[in-house]
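Notes follow the structure.
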Amino acid sequence: MTGGSPDPGQVTALLKDVISSGSFKGFVIGLSGGIDSSVVATLCVRATGPENLLGIFLPSAVTQTEDLDDVRLLAEFLNIQVLTIPIGGIIDQYRMMPGFTESMHLVGNLMARTRMAILYYYAGQMNRLVCGTTNYTEYLIGYSTKHGDSAADVQPIIHLLKTEVWTLAKSLGLPARLIEKTPSAGLWQDQTDEDELGMKYQVIDEAIRNLEKQGWEPKTPEEKIVLERILNSGHKRRPAPHVKR
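Position 105 (the sequence shown) corresponds to 155 in the numbering used here; numbering is contiguous.
Structure (structure tokens):
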């Protein structure tokens with residue numbers, strides 16, 4: 051169930067436990083300039099210190115200049131190291147594959163999976179863990195790329211609705227510019243989350259809360275749409291089917 055005020059103490063305790071349980075040296079996180087990665091980075095710093103977090107900014111050909119500005123703002127706010135590694139050249143190499151189709155969604159998925167591969171490279175190199183940034187809203191409705199942004203060693207905010215992430219960001223004292231920024235996955239030109247989803251996050255989150263209270267029985271058109279998204283994206287949350295031994 052969702053609800054209640056987000057508790058940063060629970061998350062930082064989780065992050066400390068994950069690090070100490072495996073003798074890892076810290077975290078690697080992909081930074082986009084968005085609210086989710088900004089909140090998670092802040093929680094990582096609170097848990098293990100700025101010296102134990104490496105932020106990696108992975109811009110593509112469609113990344114907005116303001117995203118770089120926002121990543122820099124966050125890095126200064128948290129006093130963390132950030133590497134910038136453009137992935138446009140890598141994506142161009144994919145375009146050389148036989149039968150390549152220039153589709154926004156297909157290329158967007160390539161970007162998400164390429165970014166995660168790079169995060170895991172640096173995590174392996176540095177004996178660190180990849181910290182995920184998926185929230186409960188995105189997880190539940192399947193608004194993520196399988197083996198892309200949904201892949202991680204720990205998911206600190208996957209129990210929080212998107213609107214709860216905003217609430218937590220305010221309580222953590224993040225710069226207003228980051229909190230007020232329009233959510234975007236940055237996978238194609240002028241993309242925004244809410245335009246793609248066809249609904250405001252506040253509406254989606256209200257529908258999720260109501261569905262949980264109602265035993266997943268929708269009572270409004272919005273709840274029916276959200277439930278349909280949840281049901282259609284179930285394959286993203288389940289382990290790969292296999293024959294049991």
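By construction, the Cβ of each residue, glycine as well, lies at the ideal position given by its N, Cα and C atoms.
So which of the options has the shortest CA-CA distance to residue i?
i      : options                          : result
Asn260 : Ser87, Val276, Leu118 and Gly192 : Val276
His285 : Met154, Ala111 and Tyr189        : Tyr189
Thr270 : Pro225, Ile130 and Ala257        : Ala257
Pro289 : Val215, His197 and Ile207        : His197
Ile106 : Ser88, Leu93, Thr98 and Leu210   : Ser88
Asp57  : Lys274, Glu267 and Ser221        : Ser221
Between which two residues does the alpha helix (DSSP H) holding residue i run?
i      : result
Phe127 : Thr115 to Leu128
Gln60  : Pro58 to Gly72
Val157 : Met154 to Met176
Asn282 : Pro271 to Asn282
Thr151 : That residue, Thr151, is in no alpha helix (DSSP H); it is neither H nor E in DSSP.
Leu190 : Tyr186 to Ile191
Lys231 : Note, Lys231: premise wrong, no alpha helix (DSSP H); not H, not E.
For residue i, does the three-state DSSP call read helix, strand or coil?
i      : result
Gln264 : coil
Ile207 : coil
Arg295 : coil
Asp14  : Because residue 14 is not part of the residues shown, which for the chain are 51 to 295, the question remains open.
Gly139 : helix
Ser87  : helix
His285 : helix
Pro225 : coil
Asp199 : coil
Ala97  : helix
Arg259 : helix
Ala219 : helix
Met51  : Reliability of the predicted coordinates at Met51 is poor, the pLDDT of 43 falling under 50, and no value is obtained from them.
Lys212 : helix
Name the DSSP beta bridge partners of residue i, please?
i      : result
Phe107 : Leu81 and Thr134
Val34  : Outside the shown range of the chain, which is 51 to 295, sits residue 34, and nothing can be said about it.
Apart from the five residues on each side of it in sequence, which residues of its chain come closer than 7 Å, Cβ to Cβ, to residue i?
i      : result
Asn129 : Pro100
Val95  : Leu103, Leu128 and Ile130
For residue i, which residues from the same chain have a beta carbon less than 6 Å from its beta carbon, with the 5 sequence-adjacent residues on both sides left out?
i     : result
Lys75 : Asn177 and Arg178
What residues in its chain sit with their C-beta under 8 Å from that of residue i, if we drop five residues either side in the sequence?
i      : result
Thr62  : Leu93, Arg96 and Ala97
Ile137 : Leu108, Pro109, Ser110, Met161, Thr164, Arg165 and Ile168
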